[in-house]
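Down below is the structure, laid out as structure tokens.
Protein chains in written order, with the working numbering: chain A, 4 to 462; chain B, 677 to 827.
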């Protein structure tokens with residue numbers, strides 16, 4: 004066993020968790036990000052004769068990262084067999100699907116263009132009758148090369164590439180990027196900057212979780228629930244526009260300082276509206292609880308257990324709905340989440356019902372957090388010198404879909420390599436896993452119970 | 677359920693949307709050719725109670741075979757290029773193409789030349805341009821209504 008594998012294996016034994024892997028810009032080395040509570044460490048291994056040892060047997064969550072590093076940077080992973088293409092779409096079906104053999108299995112191909120207003124991606128279902136045996140998800144149709152495009156940009160300008168990766172996670176990605184840059188520059192946000200960013204992150208979670216509940220209703224064709232929560236989502240976006248001038252909070256995060264100021268009338272109006280959204284969303288949620296035909300669809304499908312979460316590296320609401328009390332907010336020293344405690348549902352079954360309930364529980368936390376954070380005006384703020392300068396910085400932020408990490412390797416004041424690993428990226432393998440053994444008509448609902456982005460996976 | 681429906685009815689009354697004077701319709705097929713998901717999220721809310729574009733006969737249809745308008749978001753990525761053309765070629769004539777959002781119009785943070793073909797215009801004849809990053813539901817609604825009037 005190589006020294007690199009031994010180090011990573013020992014770290015995993017000591018409670019460190021795999022949190023990402025990427026190749027350097029020139030493909031000369033591979034770095035593995037490990038996290039434990041609020042700490043992170045990077046383990047680097049040089050590429051030798053075109054490859055490095057694979058980690059997939061130690062940490063199955065590394066599967067997609069290794070496939071991506073191969074396709075985009077040409078790195079081989081010894082021991083990762085078969086190393087199926089992930090970003091590379093040039094190879095035929097046999098190369099990227101898992102062979103499924105037997106008497107009756109056949110394939111159902113869906114996408115990349117879907118029937119509704121949905122992002123582009125392809126799912127290949129291997130089914131017998133209506134029973135799903137296996138799903139191969141082929142994403143990266145929307146790969147724009149944003150990480151590559153960011154290379155050479157100033158650290159300040161690079162935030163545009165991180166935030167434009169995905170509108171639904173724009174604040175999360177931008178804050179993770181800003182944290183990474185500030186980590187590399189030896190800067191620490193002052194308390195006002197930490198509060199400003201925390202407000203933005205929770206505003207993003209507010210509309211996003213409301214949207215997820217609307218989407219689940221749409222997934223079973225419950226128009227009244229879908230419309231009710233879509234209207235609440237709209238109110239969340241209007242609140243964003245009132246506070247920052249943009250419905251998705253674009254342009255409100257910058258490196259080294261704050262782009263958000265809120266005066267007394269603004270925060271007063273915001274708190275009134277947030278409380279009104281809280282009352283109306285709790286009322287609408289209660290109605291969903293008493294809708295038997297809706298509730299009948301939710302339990303015992305799309306199950307991801309706590310053991311699956313650990314193995315597959317699932318994060319965020321998907322992990323917490325399985326009873327895994329992990330939430331980066333509880334260990335975010337650069338943000339204003341003092342005393343934050345993750346919640347899990349009472350019935351943490353890791354199924355569609357639990358994931359939906361998880362959103363409702365987290366919304367209550369978000370309403371309370373925002374009410375507290377907005378109790379006084381937000382003034383100018385900055386990041387202050389407070390640590391050592393480094394060539395590589397790491398930022399970790401809890402997005403509405405789970406832990407997002409951003410790594411910035413810099414050369415002076417410019418981006419040499421940007422890696423963004425979002426909550427959606429971590430969770431997609433769990434979606435495919437959760438779908439197996441379920442009925443094909445339940446897949447839209449299972450998929451919507453995760454409600455992952457394609458854009459910030461594809462980048 | 678009844679409470680939910682009653683709340684929705686009240687909401688619709690409070691929003692007081694104007695009643696449509698038009699008696700025509702336009703079937704839309706949306707294709708995400710490489711967006712950041714912002715245009716999709718706004719387009720979804722165009723059907724929500726605050727805008728309710730269906731009342732003007734504007735609906736998103738499941739197949740390009742049923743569509744009058746191809747509504748394309750994002751810069752066109754190399755990986756979506758072929759699928760976009762398949763969707764366009766599946767549409768009956770007459771057909772229109774609408775480019776939704778700054779990326780589709782080729783003026784945003786797009787990506788690298790090897791991963792992105794370019795704007796929608798670089799690939800298909802564009803009839804309607806809807807700028808914005810992303811365009812608000814109001815702006816989307818306005819542009820689509822102008823299109824329905826111009827038919």
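All residues carry an ideal CB built from backbone N, CA and C; glycine is no exception. These figures come from a predicted structure and were not determined experimentally.
Problem set entry | Whole-angstrom distance between residue 379(A) and residue 737(B), CA atom to CA atom | Taking the first residue of the second chain as 1, we reach residue 737(B) at position 61. Taking the first residue of the first chain as 1, we reach residue 379(A) at position 376. Taking the straight line joining both Cα atoms gives about 47 Å.
Exercise. Looking at C-alpha atoms only, which residue of 154(A), 136(A), 152(A), 92(A) is the closest neighbour of residue 125(A)?
Worked result: Position 122 of the first chain, counting from 1, holds the residue named residue 125(A). Answer by Cα proximity: 92(A).
For this session: List in chain order: all unbroken beta strand (DSSP E) runs of 3+ residues lying wholly within the stretch 693-730 of chain B.
Result: 702-708
Problem set entry | Interface residues of the stretch 134-145 of chain A facing chain B [CB-CB below 7 Å] | 143, 144, 145
Problem set entry | Contacts of residue 251(A) in chain B (Cβ-Cβ under 8 Å) | Taking the first residue of the first chain as 1, we reach residue 251(A) at position 248. Within 8 Å Cβ-Cβ: 714, 717, 810.
Exercise. Hey, does residue 77(A) have any beta-carbon neighbour from chain B nearer than 8 Å?
Worked result: If you number the first chain from 1, residue 77(A) lands on position 74. Taking Cβ atoms only, chain B never reaches closer than 8 Å to residue 77(A), which makes this a no.
Exercise. What do you get for residue 302(A), buried or exposed, if any count of 16 or more other CB atoms within 10 angstroms of its CB means buried?
Worked result: For this step, residue 302(A) is matched to residue 299 along the first chain. Burial call: exposed.
Problem set entry | Cβ neighbour criterion (16 or more within 10 Å) applied to residue 94(A) | What you label residue 94(A) is simply residue 91 of the first chain in a count that begins at 1. Burial call: exposed.
Exercise. Do you know offhand how far residue 446(A)'s Cα is from residue 438(A)'s?
Worked result: Residue numbering aside, residue 446(A) sits at position 443 when the first chain is read from its first letter. Residue numbering aside, residue 438(A) sits at position 435 when the first chain is read from its first letter. Roughly 6 Å between the two C-alpha positions.
Problem set entry | Whole-number beta carbon distance between residue 85(A) and residue 314(A), since they are thought to touch under 8 Å | Taking the first chain and counting its residues from 1, the one referred to as residue 314(A) is at position 311. Taking the first chain and counting its residues from 1, the one referred to as residue 85(A) is at position 82. The pair is not a contact, with the Cβ atoms about 19 Å apart (cut-off 8 Å).
Exercise. Would you report the Cα separation of residue 813(B) and residue 724(B), rounded to the nearest angstrom?
Worked result: The count along the second chain starts at 1 and reaches residue 813(B) at position 137. The count along the second chain starts at 1 and reaches residue 724(B) at position 48. Looking at the two C-alpha atoms, the distance is approximately 10 Å.
For this session: Please state whether DSSP places residue 1(A) in a helix, a strand or coil.
Result: This structure cannot settle anything about residue 1(A), because the visible part of chain A is limited to 4 through 462.
Exercise. Just how far apart, CA to CA, sit residue 373(A) and residue 80(A)?
Worked result: Taking the first residue of the first chain as position 1, residue 373(A) is located at position 370. Taking the first residue of the first chain as position 1, residue 80(A) is located at position 77. Cα to Cα, residue 373(A) sits roughly 45 Å from residue 80(A).
Exercise. My guess is that residue 123(A) and residue 457(A) are in contact by the Cβ rule of under 8 Å, so how many angstroms apart are they, rounded?
Worked result: To locate residue 123(A), count along the first chain from 1; it is residue 120. To locate residue 457(A), count along the first chain from 1; it is residue 454. The pair is a contact, with the Cβ atoms about 7 Å apart (cut-off 8 Å).
Exercise. Does the separation of the CB atoms of residue 168(A) and residue 459(A) fall below 8 Å?
Worked result: In the first chain, the residue the question calls residue 168(A) occupies position 165. In the first chain, the residue the question calls residue 459(A) occupies position 456. Against a cut-off of 8 Å, the Cβ pair of residue 459(A) and residue 168(A) comes out as a contact.
Exercise. Closest to residue 715(B) by CA distance: which of 22(A), 120(A), 18(A), 390(A) is it?
Worked result: The count along the second chain starts at 1 and reaches residue 715(B) at position 39. Looking at the Cα atoms, 120(A) is the closest of the given residues.
Exercise. Which class does residue 167(A) belong to by DSSP, given the choice of helix, strand or coil?
Worked result: Your numbering for residue 167(A) matches position 164 in the first chain. If DSSP states are grouped into helix, strand and coil, residue 167(A) belongs with the helices.
Problem set entry | Per-residue contacts from residue 790(B) into chain A (C-beta, under 9 Å) | For the purposes of this step, residue 790(B) is identified with residue 114 of the second chain, where counting begins at 1. What residue 790(B) touches in chain A: 148, 151.
Exercise. Which residues, taken in chain order from the stretch 725-740 of chain B, show a beta carbon closer than 7 Å to some beta carbon of chain A?
Worked result: 725, 726, 736, 738
Problem set entry | Expected contact under 8 Å - CB spacing of residue 162(A) and residue 258(A) to nearest Å | As a first step, residue 162(A) must be located in the first chain, where it is residue number 159. As a first step, residue 258(A) must be located in the first chain, where it is residue number 255. The Cβ separation is near 6 Å, so the contact holds.
Exercise. With DSSP run on the structure shown, which of helix, strand or coil describes residue 110(A)?
Worked result: Mapped onto the first chain, residue 110(A) falls at position 107. The answer is strand: DSSP assigns residue 110(A) an E or B state.
Problem set entry | residue 287(A) vs residue 343(A) beta-carbon contact at 8 Å | Residue numbering aside, residue 287(A) sits at position 284 when the first chain is read from its first letter. Residue numbering aside, residue 343(A) sits at position 340 when the first chain is read from its first letter. No, the pair does not count as a contact, with Cβ atoms beyond the cut-off.
Exercise. Are there 16 or more other CB atoms within 10 angstroms of the CB of residue 47(A), so buried, or fewer, so exposed?
Worked result: For the purposes of this step, residue 47(A) is taken as residue 44 along the first chain, with counting starting at 1. Label assigned to residue 47(A): exposed.
Exercise. In chain order, what residues of the same chain have a beta carbon less than 6 Å from the beta carbon of residue 262(A), not counting five sequence neighbours either side?
Worked result: Within the first chain, the letter at position 259 stands for residue 262(A). Contacts found: 255.
Problem set entry | Contacts that residue 237(A) makes with chain B (C-beta to C-beta distance below 9 Å) | Looking up residue 237(A) in the first chain gives position 234. 721, 724, 725, 726, 727, 813, listed in chain order.
For this session: Flag residue 227(A) as yes if its beta-carbon sits less than 8 Å from any beta-carbon of chain B, otherwise no.
Result: Translated into the one-based positions of the first chain, residue 227(A) becomes position 224. So, interface residue.
Exercise. According to DSSP, is residue 236(A) helix, strand or coil?
Worked result: For this step, residue 236(A) is matched to residue 233 along the first chain. Helix at residue 236(A).
Problem set entry | Classification of residue 765(B) by the beta-carbon crowding that lies within 10 angstroms, buried from 16 upward | Along the second chain, one-based indexing puts residue 765(B) at 89. Residue 765(B) is exposed by the Cβ-count criterion.
Exercise. Closest Cβ-Cβ distance between residue 683(B) and chain A: below 8 Å?
Worked result: If you number the second chain from 1, residue 683(B) lands on position 7. True, the Cβ-Cβ gap to chain A drops below 8 Å.
Exercise. Do the stretch 17-27 of chain A and the stretch 408-423 of chain A make contact, defined as three or more Cβ pairs closer than 8 Å?
Worked result: yes
Problem set entry | Inter-stretch contact at 8 Å, needing at least 3 Cβ pairs: the stretch 706-714 of chain B / the stretch 779-797 of chain B | yes
For this session: Starting from the Cα of residue 134(A), find the closest Cα among 107(A), 141(A), 145(A) and give me that residue.
Result: Here residue 134(A) refers to the residue found at position 131 when the first chain is read from its first residue. When only C-alpha atoms are compared, the closest one is 107(A).
Exercise. Does the stretch 797-809 of chain B touch the stretch 747-765 of chain B, meaning 3 or more C-beta pairs lie closer than 8 Å?
Worked result: yes
Exercise. Taking all protein chains shown into account, do 16 or more other C-beta atoms lie within 10 angstroms of the C-beta of residue 739(B), making it buried, or fewer, making it exposed?
Worked result: Within the second chain, numbered from 1, the residue matching residue 739(B) stands at position 63. Burial call: exposed.
Exercise. Helix or strand or just coil, what does DSSP make of residue 32(A)?
Worked result: Locating residue 32(A) in the first chain gives position 29, counting from the first residue. Of the three classes helix, strand and coil, the one that applies to residue 32(A) here is strand, per DSSP.
Problem set entry | Members of the stretch 164-184 of chain A that neighbour chain B once the beta carbon cut-off is set at 7 Å | 164, 167, 168, 169, 170, 171
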